[in-house]
Each structure stands twice: as C-alpha cells, then as structure tokens.
Amino acid sequence: MTQEEQVLGKAYDAKLMRRLLGYIGPYRRSALAAVVCLILGSGFSIVQPYLTKMAIDRSIQSGDVRSLTGIAALYAATIVLVFALSFAQTLLINLMGQKIMRDLRMEIFRHLQKLESAFFDRNPVGRLMTRVTTDVDALNELFTSGVLSVFDDIFTLAGILVFLFVLHYKLALGILCILPLLLAVTLLFKIKVRDSYRRVRTAIARINTFLQENITGAAVVQVFGREEKQYRRFTAVNRDHLDANLQSIFYYALFLPLLEVVGALAVALIVWYGGHQVLSGALTLGTLVAFIQYSDRFFRPISDLSEKYTILQAAMASSERIFRLLDTPPAIVSPARPAARAVTRGKIEFRDVGFAYHPGEPVLRGVSFVVEPGEQVAVVGATGAGKSTLVSLLNRSYDVGEGTLLVDDVDVRDHDLAALRRSIGIVLQDVFLFSGSVMENIRLGNRSITGRDAVRAARAVHADPFIRRLDEGYDSRLGERGASLSVGQKQLLSFARALAYDPRILVLDEATSSIDTGTELLIRDALRTLMAGRTSIVIAHRLSTVQSADRILVLHHGRLCETGTHQELLQRRGIYWKLYQLQYRDQSPGA
Ligand SMILES: Nc1ncnc2c1ncn2[C@@H]1O[C@H](COP(=O)(O)OP(=O)(O)O)[C@@H](O)[C@H]1O
Ligand SMILES: [Mg+2]
C-alpha cells in the first residue's frame, strides 16, 4: 500500500524522461509530423488577431471593400487550416499514445511472465494489475496531452509576445503586469490541487484493494455473515474518495472562474489604457482590438502549462514504478549454456536439499532421496510438512537453498529451463483452467498435441464420457477458472492435460483428494494409465495410491524420516504408522 500512495513524486527526472521518450522511438515520424502540425496550427491561429487589425485599420477605416474581402478570405483560410492541422495532430498524437501504451503493456506482461514464484509471493495481484492499467494510462496522458503540446504552449506564448511587442511595446508591457497575479493564482491552485489529487489517488487505491478482496472473497463474506460489517467499512473507504474528489472539485470551481477574472481584468486594462491611446491618436483601433484578442489567447497556454505540471508529476511517479518492475531481474532463468537440453530418462535426485521461503524459517532440511527412471514414489506427511515445496523445487518455481537437485544426474539449474518444465507434468489439487474450450484446456496451445491426441488422452483417463455429455462436447466453453465443471471433472480434465503432454516425470500433488469414492475405481485406473512408463511422484491422501507405490517417503517437519514400502513402514511403527492410524485407516477398503 505504501508504494501505491506515492502517486506524486519528483515533478521531473531527466533520466526517467529520457527513458520514456525512448518509447516514442518507433513512432518518431508521427511524433515529428504531429509537432509540425502543432506549431503550424498555432502559428496560423496567432495570425488571426493580426488579420483583424488589418481589416479594421486598412479596409474598414478607409472604406476599401476589396481588401476587406481579401482579408476575410485569408481569415477563413486560416480557420480551415487550423482546423485541419489540429485534426491531424490530435489523430497522430493519440495514435502514437495508444501504440506506446500497447507496447508498454506487452513489455510489462512479457516481463511478468518471466518472474519467479517468489516475486508473486511478495507482490499482491492488485498492485501488479495497477502497473499494467492505471500506471500505463498515466503515461498515455503524458504522451498525448503532455510532452508534445508543451511545444504548442511555449510556441504560442512566444509568438503572441512577439506580435504584442511589435504592435505596441508599452501596451505589451502593461499586459505583462497582469502576469505575476496570474502566476500567483496558478501556483496556489497547483499546490492545493496536488494535495487533493494525491488524496484522490490514495482513495482509489484503497477502494480497489478493498473491492478486490471483497469480490474474490464474496462467498466467504456471505458464509460468515460479514456483509453489514464490510458494508460499513466500504462506506468509510468510499466517503474518503468522495471527500477527496469534492475537495479537488472545489479548487477547480474556484480556479477556473478566477482565471476568467484575471483575464477580464487584463482586457479592462487594455480597453482603459489602450482607449486613451486611441483617443490621443497614439494607437489605431485595429491594434487595440488585436490586443484584446491576443490577451485572451495569451493566458490560456499559461493555465494549460500548470495543468501539464500535474500530468508530468503523475507520469513520473507511474513511470518510476513501471520501470522498477521492468528492472526487477527474473531470479530463475535458463542457463546461458545448458548442460542438458532435454530430460530423457527422468531420474530425480535430491542431495541434501535445504530450503526456506523466508530466511531463518527452514521448510526443508537435509532431504536426500533418489527416484529411479520409471519408479513410482509416494510422498506422505502432515499438512505443512513440505511436500508441495518438493515439487516447487523440482520444476524450479523456486531454487534450492542448500544442496543440489538433479534430474538425469544434471543439476536442475544447468537444465534448459523450458525443456525441464516441459518434461515435468504436474497435476495439482486446485486445477487451474483457463477460459476457453475444453479442447483448448487440454492442449494449452501446444501445437504438437493434435485434437486426436487430446481425445485419446481424455479417453484414457475416463474424462471422455463427461466431456461428451457437455452441450458442445470438446468445444464447450468453460467459464472463468472452469466454473461450469465439478471439482472432480476438473481433476479428470487435468489428468487428460497431463497425459496429452506426455511428460517424462509426472507429479500428482493431492490431485485425487477431491474425487468422490464413486469414481475411485475409474481414477485408480486413470492413474495407472497416467503413470505407466514414467517416473512419478505422488503426494496423496488416498491410501490406494500410496499403497501401490514402489516406495513411500515420509516427510515430517521438512525432514525425510522414513522410506520403504507400505508393509515395511507399517512394521516399523513409526510416523507412517501413526499417520496411517490417523488418516488412512477408515479409508481402507477393508476397514
Ligand atoms: N509461497 C510460500 N511462501 C511462504 N511460505 C510458504 C509458501 N508455501 C508454503 N509455505 C510454507 O512452507 C511450509 C510447507 O508448505 P508445503 O510444502 O505447502 O506443505 P505441504 O504440501 O506438505 O502441506 C508450510 O509451513 C507453509 O506455510
Ligand atoms: Mg501441499
């Protein structure tokens, strides 16, 4: 949260800015074209008051109808040109902004895909989502209404000043007298708005976090009857948001009319002083009218610039956060020169492996064991013993803290990472399904798995019958996370997925625990198919799967305490025997 709250940092950071401008690179030509349009457009609109002056002084005063028509035509031409240029410029800039946003989002997503599990343990989903959405949007604003239109504002200001001084330098100096007043008002506004802007952003971040928790946990809130309580908490969070917005609205409501007042004051000054000059013949009427028009255009860029300051600040803060994310190097990467590019046999060896998620809180300690190619090993132990952690180390979701983990006698860190992960099929208790069809969920975009392979796999694990019963069979679309399937069906689907992938090593992490006893026989058969000819590690609640394993490893508080077959371990009357008494006995078919 604290990170979220720093919505405004330094207003300008040259290094960040340079890096941001780098994103314009591919669209250099559009950017250049847009700037040219901007400058030409403001150039033509600066000419307009001068044309008015010419019309009044040259044509109207002398009754020259022909030159009046000519000037009117010129004026009309500038209007058309300004329109066309501003149209082109708006299109070009926004196109560029959108493309840059797309590039950034792709880059962030690409980067997120490479980061390791430990990173996602540290960074909550909501925060990472903000990087890809809100923060990228803030940068869009910088590119579309910030960086380039600053050129416009500065150019307009300079152009008008030149015209003013050329026309009548004394009156021009008079207008500049208003400037300090304008700057004072703007500065005060800027400070106030910055405060409330910060409050608004903080409130939004809070609302998002709160909503995310309460929508994800809606069922829990309902089950525990916490609706009223959460509603009251949301009322408070929401009120903060309202207050902060009201505050910012108040300042805007004050500032914009105040600007009008300052502008009107300038006009009054010009009319008063200029009027005297006209009467005494020191100034033409046309010049006076032009001055009035210029002064109106003169103050607009100034208030624009002050708004850009806020955009700039927000963009700096956002880009800092985005770049911090992009600069976080993935901790687990494929070696530059992998010692092994494929897993052929599927031998696994843990050699004195130690691991801790947090320093000083070891989860695994001195774990050593070998699983020979094709062997079926079961791992049992109480909840929290470290069973799932073994799996996370095997596929390098995390790297071992101490010791070595070898696959096919090569350290997993020396394996080509993609090849290693491809050769390990993992079926978890909580099956993750993507929104898409059943077929897509089995193939997971792998082109080497044909539709026929997928069906064959589904048939082998007895998933085929229920899939065919779905409305559109294999083409049935699954809701978010497979919402339309039962837990057992999801499990069977994940078996089909694993089998279709045909991995050398198969890991089942409590994958059978959600299947009802009715399908038990089917599952047992499916598992036999699944494990045949592969090295497999089964972490299981179910006695049947454990009993038939070649070997059972008993994990207790992160240590490997016992190994042996079911019978051997029972005879030892150790931890396995105790677990068996507690957990498994009433599941046993004979009991
Ligand atoms: N991502 C994680 N971050 C921090 N601690 C974790 C994480 N995953 C698991 N743990 C802790 O590690 C220990 C072992 O967890 P785990 O391997 O999931 O046990 P098991 O699968 O045997 O139930 C537990 O104390 C658990 O709280
Ligand atoms: Mg587990």
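Using the numbering used here, the first residue of the sequence shown is number 877, and each one after it goes up by one. Yeah, the Cβ is synthetic: ideal placement off N, Cα and C, and Gly gets one too.
Boundaries for Leu1018: no beta strand (DSSP E) harbours it, and the DSSP string shows neither H nor E there. Boundaries of the beta strand (DSSP E) around Pro1238: Pro1238 to Val1247. Ser1264 has its Cβ nearer than 7 Å to a heavy atom of ligand 2.
DSSP places Gln1252 in the strand class (E or B) of the three-state scheme. Per the C-alpha coordinates, the member of Glu1438, Gly946, Tyr951 and Phe1019 positioned closest to Ala1191 is Phe1019. Under the three-pair Cβ rule at 8 Å, the segment 1427-1445 counts as touching the segment 1257-1269. In this structure, Glu1196 is the residue among Val1154, Glu1196 and Arg1449 with its C-alpha nearest to the C-alpha of Asp1011. Counting along the chain, the unbroken alpha helix (DSSP H) around Thr1078 starts and ends at Tyr1045 to Thr1092. Here the alpha carbons of Met972 and Leu1132 stand approximately 30 Å from one another. Relative to ligand 1, the nearest heavy atom lies less than 7 Å away from the CB of Asp997.
Look at Phe1100 here: in three-state DSSP terms it is coil, with no helix or strand label. In the DSSP assignment, His1432 is bridged to Arg1435. Under a 10 Å Cβ-count criterion, Phe1100 is classified as exposed, with fewer than 16 other Cβ atoms of the shown protein chains found around its own Cβ. A direct Cα-to-Cα measurement between Val1138 and Leu1145 gives close to 11 Å. DSSP lists Thr1280 as the bridge partner or partners of Arg1227.
In the DSSP assignment, Ser1412 falls within the unbroken beta strand (DSSP E) covering Thr1411 to Ile1415. A direct Cα-Cα distance of roughly 30 Å separates Ala1060 from Val911. Three or more Cβ pairs closer than 8 Å define a contact, and the segment 1026-1046 meets that threshold against the segment 1169-1178. Excluding sequence positions up to five before and after Gln1365, its CB lies within less than 7 Å of the CB of Phe1342, all in the same chain and listed in chain order.
Contact between Arg1221 and Asp1284 holds, with the beta-carbon distance rounding to 5 Å and staying under 8 Å. If you draw a straight line from the Cα of His987 to the Cα of Met977, it is about 15 Å long.
Separation of Asn1322 and Ile1428 (C-alpha to C-alpha, rounded to the nearest whole angstrom) is 34 Å. Judged by the Cβ position, Glu1386 qualifies as a neighbour of ligand 2 at the 7 Å threshold, a heavy atom of the ligand being closer than this. In the three-state scheme derived from DSSP, where H, G and I count as helix and E and B as strand, Ser1324 is classed as coil. When the Cα atoms are used, Leu1033 and Ala1081 turn out to be separated by approximately 38 Å.
In the assembly as shown, Leu1354 is a buried residue. Its beta-carbon has 16 or more other beta-carbons within 10 Å. Shown here, His1234 sits in coil according to DSSP, grouped into three states, outside any helix or strand. Taken atom to atom, the span from the alpha-carbon of Ile1067 to that of Gln1189 is near 12 Å. Between the alpha carbons of Thr1062 and Leu1024 lies a gap of roughly 21 Å.
Secondary-structure assignment with DSSP links Leu1354 through a beta bridge to Gly1312.
If the five residues before and after Phe1226 are omitted, its C-beta is found closer than 6 Å to the C-beta atoms of Val1243, Ser1244, Phe1245 and Leu1281, all from its own chain and listed in chain order.
If you draw a straight line from the Cα of Val958 to the Cα of Lys975, it is about 26 Å long. Of the candidates Phe1310, Leu1369 and Val1229, Leu1369 places its Cα closest to the Cα of Ala1402. The continuous alpha helix (DSSP H) containing Asp1172 extends over residues Leu1161 to Leu1202. The beta carbon of Ala1330 sits closer than 8 Å to the beta carbons of Met1315, Ile1318, Arg1319, Tyr1350, Ala1372 and Ala1376 from its chain, once the five residues preceding and following it are set aside; these are given in chain order. Ranked by how close their Cα comes to the Cα of Thr1265, the residues Thr1204, Arg1344 and Val1383 have Val1383 in first place.
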